[in-house]
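Counting along the sequence shown from 1, when you hit position 79 you're at 79 in full-length UniProt numbering, and nothing is skipped either side.
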Amino acid sequence: MAQSQIAFGGLKHDSSLPIEVSADQLQVDQADGTAIFKGNVKVGQGDMRLSASQVRVEYATGADSTGEISRLFASGNVILVNGAEAAEANQATYTIDSGRIVMTGNVLLTQGNNALSSDTLTVDLNTGTGIMDGNVKSIIQTGGN
């Protein structure tokens, strides 16, 4: 399986910042601690922006839980933007505590004029690094035409 490790300087991010979500519709399930946002979903945290058709939010559960978001599952035309870097995929999972985003399905990453594609992109927001796995292809501009 092809794999490529890449520096994601623009994707280095503070995952402790507040998360803001907007959408056309919201469904809340108190029993399982989830909320589903549907239609034109936009998620913002600091300078990082994510958009998708649907985002399911999981809240931390347990006796010592404070009701904080533990994980986001985005699906349908997922776009993640931070600075000059952008990634598109079919799905994405953002685990807040670890500061890790895993994007899957037709992943396309653009960094300036360069583009990379793969089956999976895993980004560590704490270090600003990422790994692309499976069918990795790249177009790297050399400065000429």
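For glycine and all other residues, C-beta sits at the position ideal for the given N, C-alpha and C.
**Asked** According to DSSP, is residue 141 helix, strand or coil?
**Response** Residue 141 sits at position 141 when you count from the first residue of the sequence shown. Residue state, collapsed to three classes: coil.
**Asked** Can you tell me whether DSSP reads residue 19 as helix, strand or coil?
**Response** Working through the sequence shown from its first residue, we reach residue 19 at position 19. In the three-state DSSP reduction, residue 19 falls in the coil class, being neither helix nor strand.
**Prompt:** Are there 16 or more other CB atoms within 10 angstroms of the CB of residue 45, so buried, or fewer, so exposed?
**Reply:** As a working mapping, residue 45 is identified with position 45 in the sequence shown. The residue is buried, with at least 16 neighbouring Cβ atoms inside 10 Å.
**Prompt:** Can you give, in chain order, each stretch of the beta strand (DSSP E) that sits fully within the region 37-120 and has at least 3 residues?
**Reply:** Every beta strand (DSSP E) of 3 residues or more that sits fully in the region 37-120 is shown, in chain order, as 48-59, 69-82, 85-95 and 100-111.
**Asked** Thinking C-alpha only, which one of 69, 32 and 53 is nearest residue 20?
**Response** Stepping through the sequence shown from its first residue, residue 20 is reached at position 20. Of 69, 32 and 53, the residue nearest in Cα terms is 69.
**Message:** For residue 203, which residues in the same chain have their Cβ closer than 6 Å to its Cβ, ignoring the five residues on either side in sequence?
**Reply:** The shown model of the chain, from 1 to 145, leaves out residue 203, and the question about it has no answer.
**Request:** Would you kindly work out how many angstroms separate the C-alpha atoms of residue 96 and residue 47, rounded to a whole number?
**Result:** Locating residue 96 in the sequence shown gives position 96, counting from the first residue. Locating residue 47 in the sequence shown gives position 47, counting from the first residue. Whole-angstrom Cα-Cα distance: 15 Å.
**Prompt:** Per DSSP, residue 35 forms a beta bridge with which residues?
**Reply:** In the sequence shown, the residue the question calls residue 35 occupies position 35. Beta bridge pairing from DSSP links residue 35 with 28 and 57.
**Request:** Output yes or no for whether 7 Å exceeds the beta carbon distance between residue 118 and residue 103.
**Result:** For the purposes of this step, residue 118 is taken as residue 118 along the sequence shown, with counting starting at 1. For the purposes of this step, residue 103 is taken as residue 103 along the sequence shown, with counting starting at 1. No, Cβ-Cβ distance for residue 118 and residue 103 is not below 7 Å.
**Message:** Classify residue 77: buried if its beta carbon has 16 or more other beta carbons within 10 angstroms, exposed otherwise.
**Reply:** As a first step, residue 77 is located in the sequence shown; it is residue number 77 there, counting from the start. It is exposed - the Cβ of residue 77 has fewer than 16 other Cβ atoms within 10 Å.
**Prompt:** Under the DSSP definition of a beta bridge, which residues are partnered with residue 124?
**Reply:** Counting from one through the sequence shown, the residue named residue 124 turns up at place 124. Beta-bridge analysis with DSSP links residue 124 to 100 and 129.
**Prompt:** residue 84 to residue 92, Cα distance in whole Å?
**Reply:** Numbered from 1 along the sequence shown, position 84 holds the residue referred to as residue 84. Numbered from 1 along the sequence shown, position 92 holds the residue referred to as residue 92. Near 19 Å, if we compare the C-alpha coordinates of residue 92 and residue 84.
**Collapsed DSSP secondary structure at residue 1 in the structure displayed** = To locate residue 1, count along the sequence shown from 1; it is residue 1. Its pLDDT being 49, under 50, residue 1 is placed unreliably in this model, and the coordinates cannot settle the point.
**Item:** Distance between residue 139 and residue 61 (C-alpha atoms, nearest Å)
**Value:** On the sequence shown, residue 61 is found 61 positions in, with the first residue counted as 1. On the sequence shown, residue 139 is found 139 positions in, with the first residue counted as 1. The C-alpha of residue 61 lies about 43 Å from the C-alpha of residue 139.
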